[in-house]
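Please read the structure below before turning to the comments.
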Amino acid sequence: MVPAPRPTVPDRPSRSGPVLRPPEGLPPPAIAGVSLGWESGRPRSEYWLERTLLKPALQSDVPLDDVSGGPPALGVELPRLADTDDRHAVDEQLARLALDRLLTAPGYRFYRSPSQFPAVLQQVESSGQVDTNPSILDIHTDGHGRVLNADLDSHHLRMAAFLEAGKRTLGELPFDQVLIKVDGIQRGDRVWPMKTHGYALSDAQLARCTGRATSTNDGIGTVTIPNTPNYELGSRTTLGRFHQTLLHRTPPKLGMFFCDLEAPPEAVLLLAKAFKAREGLDEVVLVPEPGLSASARARLATLTDAVLAEEGLNLYRDEPASLHAHFPDLDFHELVKLRLNLLYGTALEDIRSA
Numbered sequence: 001m002v003p004a005p006r007p008t009v010p011d012r013p014s015r016s017g018p019v020l021r022p023p024e025g026l027p028p029p030a031i032a033g034v035s036l037g038w039e040s041g042r043p044r045s046e047y048w049l050e051r052t053l054l055k056p057a058l059q060s061d062v063p064l065d066d067v068s069g070g071p072p073a074l075g076v077e078l079p080r081l082a083d084t085d086d087r088h089a090v091d092e093q094l095a096r097l098a099l100d101r102l103l104t105a106p107g108y109r110f111y112r113s114p115s116q117f118p119a120v121l122q123q124v125e126s127s128g129q130v131d132t133n134p135s136i137l138d139i140h141t142d143g144h145g146r147v148l149n150a151d152l153d154s155h156h157l158r159m160a161a162f163l164e165a166g167k168r169t170l171g172e173l174p175f176d177q178v179l180i181k182v183d184g185i186q187r188g189d190r191v192w193p194m195k196t197h198g199y200a201l202s203d204a205q206l207a208r209c210t211g212r213a214t215s216t217n218d219g220i221g222t223v224t225i226p227n228t229p230n231y232e233l234g235s236r237t238t239l240g241r242f243h244q245t246l247l248h249r250t251p252p253k254l255g256m257f258f259c260d261l262e263a264p265p266e267a268v269l270l271l272a273k274a275f276k277a278r279e280g281l282d283e284v285v286l287v288p289e290p291g292l293s294a295s296a297r298a299r300l301a302t303l304t305d306a307v308l309a310e311e312g313l314n315l316y317r318d319e320p321a322s323l324h325a326h327f328p329d330l331d332f333h334e335l336v337k338l339r340l341n342l343l344y345g346t347a348l349e350d351i352r353s354a
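Note that the sequence shown covers residues 1 to 354 in this note's numbering.
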């Protein structure tokens, strides 16, 4: 199946819809007397990472999130899972599970490199499967076999490709393409450690980490945590929405501008605006470097006020869940880019840097 053509959309995205107020638990700004760029009296975002920006992230034609108020409903009554069910029996019991209702992992609000999708789709269409490790699903129950919700923990492109190829339920997929955990345990096997992208987690979740990635194979900032539903980890995106944004969303043209604030705020602002104009960007996020000097911290208040008043500019605050504090030995610039990918829904290779 050939992917559907993109719908006609405006060339430049806009902040359509409500401007969000800070989510609950937002800490006071680091600079005394500086207000955040969120208008009160409007619906708040459930996506906690919004707290790390001064203003709501610029969005385009298709929202990244489609879940609120709790994990997505399954939409179908599934049989209870018995303790004696083996892997094949579990697979059969879950055959009617709708793929588009799976909740993505917290690091998959938007895919890092959408350009990889056509090759994955070609494999699915030509052979009915993808020749890699299986996608991991975690089925959460009430402890007595009744299925409450279902999470997708890995290999999201493959599952999106199955949707694009017309597959709608788990029972339509080859058995070996999916590894199913029930409350964290694969039947007849063992407890599988849960690995996820630490840059997408809150302070509370990062405090529960039992290990961090020791190789690049797991990806920068990957952590191991106790088995936890994706909703509790902050995910608000179903596989159905992930599939739609992968193919049918026009991402904002985004840039990140790193600054040590040793120059006057007015000069920093001019440089950021020139970078935005030169690259033809929709929004530029100013990112103060870690470890600012005392004089630079004093200038940050002035810069913050200026960014608040300037359309097309934003400010990355690195709080809560400071990337520099939690991952001091990793590339701060790369971690910020990964977060901005989730906040704006712009591919990593398309985020300009200065």
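Each residue gets a CB set at the ideal place from its N, CA and C atoms; glycine is no exception.
Chain-order list of residues whose beta-carbon lies under 7 Å from that of residue i (same chain, five-residue window excluded)
i    : result
F162 : L99, V124, L173
A32  : With a pLDDT of 33 at A32, under the threshold of 50, the predicted position of this residue should be treated as unreliable, and no value is reported.
G355 : The displayed coordinates of the chain run from 1 to 354. Any statement about residue 355 would go beyond what the structure contains.
P288 : C259, L261, L300
D318 : T52, H324
V394 : The chain is shown from 1 up to 354; residue 394 falls before or after that span and cannot be answered.
T169 : A95, R96, L97, A98, L99
G145 : R80, L81, A82
K167 : L99, L173
R297 : none
L157 : Y111, Q116, F117, V120
Nearest residue (CA-CA) to residue i, options the options
i    : options                : result
H248 : R352, Y316, A160       : A160
Y108 : S126, G240, D329, C259 : G240
L303 : V268, N230, E319       : V268
G221 : N227, A263, G198       : G198
G70  : H144, K253, N230, H333 : N230
G312 : V67, S293, Q59         : Q59
D131 : I139, L137, D138, L121 : L121
L201 : P252, P320, K167, P63  : P320
H177 : T196, N149, H88, R146  : Reading off the sequence shown, one finds Gln at residue 177, where the question assumed His. It is H88 whose Cα lies nearest to the Cα of Q177.
S126 : A165, S295, A207, D203 : A165
E77  : Q129, A57, N149        : N149
L308 : E46, A57, W48          : A57
E266 : S293, P226, E310, H140 : E310
A306 : D142, R158, P264       : P264
L330 : P290, L157, D142       : P290
F110 : A296, R208, Y47        : Y47
T141 : L179, P79, L157        : P79
Q93  : Q129, V147, N133, L49  : V147
Proximal residues to residue i (C-beta, below 6 Å), its chain only, five neighbours per side dropped
i    : result
F257 : A272, F275, V284, L286, A354
S235 : L103, T104, P106
G280 : none
H155 : S135
L26  : Low per-residue confidence applies at L26: pLDDT is 34, beneath 50, and the placement is therefore not dependable enough to give any value.
D86  : R187, G188
D138 : D151, D153, K181
C209 : V223, I225
G143 : none
R352 : G255, E279
Residues bridged to residue i [DSSP beta-bridge criterion]
i    : result
Y316 : L53
E283 : L254
T224 : K195, G211
D260 : None, per the DSSP bridge assignment.
S353 : M256
T238 : L103
P288 : C259
V147 : T141
F338 : It is worth fixing the name first, because residue 338 is Leu in this sequence and not Phe. BP columns for L338 are empty, so no partner.
R98  : One detail in the question is off: residue 98 reads as Ala in this sequence, not Arg. Its beta-bridge partners are T169.
L152 : L137
Cut-off 8 Å between Cβ atoms - residues of its own chain near residue i, not counting five sequence neighbours on either side
i    : result
R6   : Since pLDDT at R6 reaches only 33, below the 50 mark, its modelled position is unreliable, and the value read off the structure follows with that caveat. Once the five neighbours on either side are set aside, the close Cβ partners of R6 are L247, H248, T250.
G211 : P193, V223, T224
L348 : R112, S113, K337, L338, N341
L335 : Y199, I220, G221, L323, F327
R101 : P72, A73, L74, G75, A150, T238, L239, G240
F332 : E289, P290, L323, H324
Expected contact under 8 Å - CB spacing of residue i and residue j to nearest Å
i    : j    : result
T228 : D65  : That belief does not hold up - the Cβ atoms of T228 and D65 are roughly 19 Å apart, past 8 Å.
Y344 : L254 : 5 Å
L270 : L54  : About 18 Å; that fails the 8 Å criterion.
D203 : P252 : In fact, because the Cβ distance is near 27 Å, the residues do not count as touching under 8 Å.
L81  : V67  : That belief does not hold up - the Cβ atoms of L81 and V67 are roughly 23 Å apart, past 8 Å.
C-beta neighbour in chain C for residue i, strict 8 Å
i    : result
T222 : Among the protein chains of the structure shown there is no chain C, as only one such chain exists.
Inter-stretch contact (C-beta, 8 Å, three-pair minimum) for the segment 316-336 and the segment 225-244: no
Given 8 Å, three or more beta-carbon pairs between the segment 106-121 and the segment 174-185: Of all C-beta pairs linking the segment 106-121 to the segment 174-185, fewer than three are shorter than 8 Å, placing the two stretches out of contact.
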